[in-house]
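Q: So the mapping is simple: our numbering equals the position in the sequence shown, first residue as 1, plus 56.
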Amino acid sequence: MSSNGALVHAKSDAVVGHKDELRDAVRAFDRARTKAARSDVELATRRWRPLVSAQWSLLDEFDTDGKRFVVAIDNRPAPRIPRGPLSEREHQVLTQAELGHSNKEIAYELGLSSATVRVLIHRAAKKLGASTRAEAIAKFARGSK
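#1: Quick one: using the 10 Å Cβ neighbour count with 16 as the cut-off for buried, is V127 buried or exposed?
#2: Quick check on the burial criterion: 16 or more other C-beta atoms within 10 angstroms. Buried or exposed for I129?
#3: How is the alpha helix (DSSP H) around G199 delimited, first residue to last?
#4: Given a cut-off of 7 angstroms on the beta-carbon distance, is the pair K195 and P141 in contact?
#5: Measuring only from the beta carbon, is S143 closer than 6 angstroms to any heavy atom that is part of the ligand FAD?
#6: Helix, strand or coil for R45? Go by DSSP, reduced to three states.
#7: Counting only the same chain and skipping the five closest in sequence on each side, list residues whose C-beta sits under 8 angstroms from that of V108.
#8: Sort V82, T90, E146, E144 by Cα distance to E117 and report the nearest one.
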């Protein structure tokens with residue numbers, strides 16, 4: 057992708073199917089790098105958010121002539137079918153929680169709100185017969201091995 061978000065080359069249909077989303081992410085990437093955004097961490101983080109939505113990594117690349125490109129790397133995990141009563145999203149959230157990530161970190165990594173993560177963990181805990189976050193994570197860990 058060019059530095060303004062225009063698609064220059066795509067090796068897979070996945071990129072083409074997400075062209076608009078990636079263009080917006082490239083533009084947000086550039087806005088996050090402005091002097092004003094760097095002085096406001098919250099603003100920069102909000103603008104950077106599409107880059108870590110568990111889908112794409114954007115990397116700066118410079119051609120030999122100095123022209124800047126942004127390479128979009130598809131880093132989505134292969135789809136996994138959750139076992140048991142959990143939905144795919146509940147499974148993703150508990151997987152991150154099992155790694156010791158806080159609700160805020162999970163929200164950031166998956167592109168969700170903290171409130172959504174809290175609800176997903178609560179729902180998963182209920183389905184697993186757990187009354188606390190820690191108990192839900194422990195039951196999830198035992199069941200996923």
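In this text, a Cβ means the ideal position worked out from N, Cα and C, and glycines have one as well.
A: Let me lay it out:
#1: V127 should be labelled exposed.
#2: It is exposed - the Cβ of I129 has fewer than 16 other Cβ atoms within 10 Å.
#3: Where G199 is concerned, the enclosing alpha helix (DSSP H) stretches over 189-199.
#4: In terms of Cβ geometry, K195 and P141 do not form a close pair [threshold 7 angstroms].
#5: Ligands are entirely absent from the displayed structure, and the ligand FAD is therefore not among its contents.
#6: The requested residue 45 does not occur in the structure, where the chain is confined to residues 57 to 201.
#7: Per-residue confidence for V108 stands at a pLDDT of 44, beneath the threshold of 50, marking its modelled position as unreliable; the derived number appears in the next sentence. Around V108: Y164, E165, G167.
#8: Of V82, T90, E146, E144, the smallest CA-CA separation from E117 is found for V82.
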